[in-house]
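**Student:** Pasting a structure below so you can have a look.
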Amino acid sequence: MRRIATLAVSTGLAMSCLTAVAATAADASTTRSWVTKDGWGSLEASGKYTRSSSGLAVSVYLSDSGNNGWSPAVQIRTATQDYKKYKTSAVFYFVDRRNNRPADFKFHKVYRGKYTSGYSGHLYVREVGVRESNRNSMVAGPWKKLF
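So the sequence shown is numbered by the working numbering: it starts at 624 and just counts up by one.
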């Protein structure tokens with residue numbers, strides 16, 4: 624009788640430890656860096672994304688290596704795991720406060736913000752150039768799949 628009780632207790636303890644290890648692995652978040660495809664010679668968007676059981680967070684940094692009439696921007700798209708639903712963000716870029724136009728001057732890896740809405744099945748980013756003289760004039764590069 625003692626052997627059966629001991630076996631039951633040790634089996635229960637082992638199963639609870641395995642469940643705790645599995646839950647910890649599932650809740651672990653993954654953080655990775657990304658850079659858009661080089662569609663522009665002087666514009667760049669980069670950042671990091673963190674994927675966890677509670678959702679997805681994407682941080683965005685923008686760089687501009689020259690004054691060429693275009694401002695760097697980025698657009699983010701998320702999808703469900705089965706690709707049936709998509710959410711595409713607005714185009715994120717800096718505005719020069721001096722003239723209220725898209726920023727077109729030299730800057731490097733300036734933090735633009737964090738995107739947290741959307742689905743967590745798949746993540747895409749793309750580089751966008753916004754015309755400094757007309758913020759409605761944009762040219763977008765190809766989508767880059769991050770996961």
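A virtual CB, placed ideally from N, CA and C, is assigned to each residue, including glycine. For clarity, every value in this text was computed on a predicted model and none was experimentally measured.
Terminal residues of the continuous beta strand (DSSP E) containing Thr703?
**Tutor:** It is not in any beta strand (DSSP E) - Thr703 carries neither H nor E in the DSSP assignment.
**Student:** When you compare the stretch 691-708 with the stretch 740-750, are there three or more beta-carbon pairs, one atom per stretch, that lie closer than 8 Å?
**Tutor:** Because the criterion of three Cβ pairs below 8 Å is met, the stretch 691-708 and the stretch 740-750 touch.
**Student:** For chain B, is any of its Cβ atoms less than 8 Å away from the one on Ala680?
**Tutor:** Checking the listed chains, one finds no chain B in this structure; it contains a single protein chain.
**Student:** Let me confirm a value: Pro695 is counted as buried when at least 16 other C-beta atoms fall within 10 Å, else exposed. Which label applies?
**Tutor:** So Pro695 counts as buried.
**Student:** Run through DSSP, which three-state label would Trp693 get?
**Tutor:** Here Trp693 sits in strand by DSSP.
**Student:** Quick check on Ala713: buried or exposed, where buried means 16 or more other Cβ atoms within 10 Å of its Cβ?
**Tutor:** Looking at its Cβ environment, which holds fewer than 16 other Cβ atoms inside 10 Å, Ala713 is exposed.
**Student:** Within a Cβ cutoff of 6 Å, which residues of the same chain sit near Phe728, ignoring the five residues on either side of it in sequence?
**Tutor:** Around Phe728: Asn690.
**Student:** I'd like to know whether the C-beta atoms of Ser716 and Tyr684 end up nearer to each other than 8 Å.
**Tutor:** Per the sequence shown, residue 716 should be read as Tyr rather than Ser. Not in contact: Tyr716 and Tyr684 (Cβ atoms no closer than 8 Å).
**Student:** How would you write the range of the beta strand (DSSP E) that Ser669 sits in, first residue to last?
**Tutor:** Taken as a continuous stretch (DSSP letters only), the beta strand (DSSP E) holding Ser669 covers Leu666 to Ser675.
**Student:** Could you name each continuous beta strand (DSSP E) segment of 3 residues or more that falls completely within the stretch 704-743, going from the start of the chain to the end?
**Tutor:** Entirely contained in the stretch 704-743, the beta strand (DSSP E) runs reaching 3 residues are, in chain order, 709-711 and 730-738.
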